[in-house]
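Same order as they appear, the protein sequences are chains A and B. Last residue of the first sequence: 187 in the numbering used here, with the numbers rising by one and none dropped. Last residue of the second sequence: 1187 in the numbering used here, with the numbers rising by one and none dropped. Glycine included, C-beta positions come from ideal geometry on N, C-alpha and C.
Protein chains: 2
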Amino acid sequence: MPAYKTDKDTLLVRAMQVFRSQGYHASSMADLAAACGVQKAHLYYYFPGGKEDLMNHVLEAVHTYFKERIMVYAWDEERSPEERLAQLSAQLYKVFVRNQGGCIMGNTTLEVAHLDPAPVFVARVKAYFDDMLACLAHVFAQRHAPELARTKAQTAIQDIQGGIMLMQLYNDPSFFAAALQRMQEAY
Amino acid sequence: MPAYKTDKDTLLVRAMQVFRSQGYHASSMADLAAACGVQKAHLYYYFPGGKEDLMNHVLEAVHTYFKERIMVYAWDEERSPEERLAQLSAQLYKVFVRNQGGCIMGNTTLEVAHLDPAPVFVARVKAYFDDMLACLAHVFAQRHAPELARTKAQTAIQDIQGGIMLMQLYNDPSFFAAALQRMQEAY
DNA sequence: ATTGTAATTTACCTACCGTTAAATAAAAAT
DNA sequence: ATTTTTATTTAACGGTAGGTAAATTACAAT
């Protein structure tokens, strides 16, 4: 089916893996091209804006993936809130433990949040956390008042992000797993 | 009193500010030297191992600062656990909200945690979180069983680190402040 | 004053960075 | 078959990265 050897989505997946495990600045265009099995000049064909443009599309793809494959469970009105949280936890655990490099959104936040000038893709990271916050708050709102639900969602996200941080530092997924557990118990 | 224009500690403070707000890889030796008011070659006089060596000493200094100026409150047996947590919260709030760039330990974790080869200073970051965890667990252990105390300490740290992350992303300290509040209520 | 040592700068090196232009190869259209 | 368009590579550019060697300046000891 692929007439040409590369399609844009494959490039994005490979580039994402590099960015996630090495970070934005430590990932060179040469690294990214090598991981994609392509000469680095070719990356400018699909992403004329260069490295920043590529990262922007990578984060957009990640955001889309999370919305379609993970956050959807939060909006599934057929299931109980408890079931939704369990589904969310299971999916998040799979994604963040299977893959090396933790959460590219969290990594990117701490790496570039207050660079001057701020890269354009900071907006993508914000949009991701906006959505994650909204979907968790929606689930908690099934039982709790909107404000409390929102606070619980924020708490869960902070706990989870901190858990991913310690998981990476100590190479021990239990921090992250515990955060997911607490999110479920918070309902 | 300073016979020469630079002493090592001043260099470390200035370098720390750069590393904290720009991150490790985005901080060039030229940036660091400029912030220190020194030619970049001079940095190799005090830190022969170069950038990595400098970062290592910066993180060591930060670790020492936190131990002596913040974590001490946790071990102050003269005060009640509630008072100690209040003191810790107040100090942490001051440090992380006043300064730009959030927590250099958290930033560094997510930026370099799984670089290959891992920089030597990853060990310093681990030591910092070890100590922070131990001191919080010590306070919680005044009322709770050791295991539960440790879990509460982990939870607090994760919540706080996630709070610092969102604080930086949204430029809103309330995430972080809420985490400190929850830490106090967890006792 | 002279010498010795510690601190700091000047000048430079190589390697690699992100990026661009032009050439080539592959596929589609006619 | 020929042409046109799309995909991909080759080759190179200027800039800057981290780092080094040597020269110079500032202080200390005598």
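{"Item": "Proximity of alanine 1156(B) and alanine 1137(B) at Cβ, strictly below 7 Å", "Value": "no"}
{"Item": "Collapsed DSSP secondary structure at threonine 1006(B) in the structure displayed", "Value": "coil"}
{"Item": "Beta-carbon neighbours of histidine 114(A), restricted to chain B and to distances below 7 Å", "Value": "Ser1021, Gln1100, Gly1101 and Gln1168"}
{"Item": "Burial state of valine 1120(B) (16 or more Cβ within 10 Å)", "Value": "exposed"}
{"Item": "Chain-ordered neighbours of isoleucine 160(A) on chain B, where CB pairs are closer than 9 Å", "Value": "Gln1158 and Gly1162"}
{"Item": "Contacting residues, own chain, Cβ-Cβ under 6 Å from valine 1097(B) (five flanking each side not counted)", "Value": "Pro1173"}
{"Item": "Spatially closest choice to tyrosine 1045(B) from Leu1085(B), Ala1141(B), Lys1008(B) and Ala1177(B), by CA coordinates", "Value": "Lys1008(B)"}
{"Item": "Contact set between histidine 144(A) and chain B, taken where Cβ atoms lie within less than 7 Å", "Value": "Those within 7 Å of histidine 144(A) in chain B number zero; the least Cβ separation is about 16 Å."}
{"Item": "Straight-line Cα distance separating alanine 1186(B) from alanine 1149(B)", "Value": "10 Å"}
{"Item": "Environment of asparagine 1107(B) [buried if 16+ CB atoms lie within 10 Å]", "Value": "buried"}
{"Item": "Isoleucine 1104(B) vs arginine 1020(B) beta-carbon contact at 7 Å", "Value": "yes"}
{"Item": "Contact list for glycine 1106(B) against chain A, beta-carbon separation under 9 Å", "Value": "Leu110, Gly162 and Met165"}
{"Item": "Residue burial classification, glutamate 1078(B) (beta-carbon count within 10 angstroms, cutoff 16)", "Value": "exposed"}
{"Item": "8 Å Cβ shell around valine 1062(B) - same chain, five flanking residues per side excluded", "Value": "Met1016, Ile1104, Met1105 and Tyr1128"}
{"Item": "N-terminal and C-terminal residue of the alpha helix (DSSP H) that glutamate 1111(B) is part of", "Value": "1104-1112"}
{"Item": "CB contact check: alanine 1033(B) to chain A, cutoff 7 Å", "Value": "no"}
{"Item": "Runs of alpha helix (DSSP H) wholly within the segment 15-43 of chain A (minimum 4 residues, chain order)", "Value": "29-36"}
{"Item": "Enclosing alpha helix (DSSP H) for methionine 1071(B) [first to last residue]", "Value": "Unbroken run through methionine 1071(B): none, as it is neither H nor E."}
{"Item": "Any chain B beta carbon closer than 7 Å to histidine 220(A)", "Value": "The structure shown does not extend to residue 220(A), since chain A is modelled only from 1 to 187, so the question has no answer here."}
{"Item": "Contacts that phenylalanine 1175(B) makes with chain A (C-beta to C-beta distance below 7 Å)", "Value": "Gln154 and Gln158"}
{"Item": "Rounded C-alpha distance that separates tyrosine 170(A) from glycine 1037(B)", "Value": "37 Å"}
{"Item": "Cross-chain neighbours of valine 125(A) in chain B, by beta carbon under 8 Å", "Value": "Leu1169"}
{"Item": "Cβ distance (whole Å) where leucine 1059(B) is taken to contact valine 1139(B) below 8 Å", "Value": "Between valine 1139(B) and leucine 1059(B) the Cβ distance is about 24 Å, and since that is not below 8 Å, they are no contact."}
{"Item": "First and last residue of the uninterrupted alpha helix (DSSP H) at tyrosine 93(A)", "Value": "81-98"}
{"Item": "Start and end residues, alpha helix (DSSP H) containing proline 119(A)", "Value": "Counting along the chain, proline 119(A) falls outside any alpha helix (DSSP H), and DSSP gives it neither H nor E."}
{"Item": "Whole-number beta carbon distance between leucine 1012(B) and leucine 1032(B), since they are thought to touch under 8 Å", "Value": "With 8 Å as the limit, leucine 1032(B) and leucine 1012(B) do not qualify as a contact, their Cβ atoms being about 11 Å apart."}
{"Item": "Straight-line Cα distance separating alanine 1035(B) from methionine 1001(B)", "Value": "In this prediction, methionine 1001(B) has a pLDDT of 36, which is less than 50 and means its spatial position is unreliable; nothing more can be read from the coordinates."}
{"Item": "Exposed unless 16 or more other CB atoms sit within 10 angstroms - verdict on glutamine 1161(B)", "Value": "buried"}
{"Item": "Residue range of the unbroken alpha helix (DSSP H) whose run includes proline 176(A)", "Value": "It should be pointed out that residue 176(A) corresponds to phenylalanine in this sequence rather than to proline. Unbroken alpha helix (DSSP H) run through phenylalanine 176(A): 174-185."}
{"Item": "Rounded straight-line distance, which links the Cα of glutamine 1087(B) to that of glutamine 1181(B)", "Value": "12 Å"}
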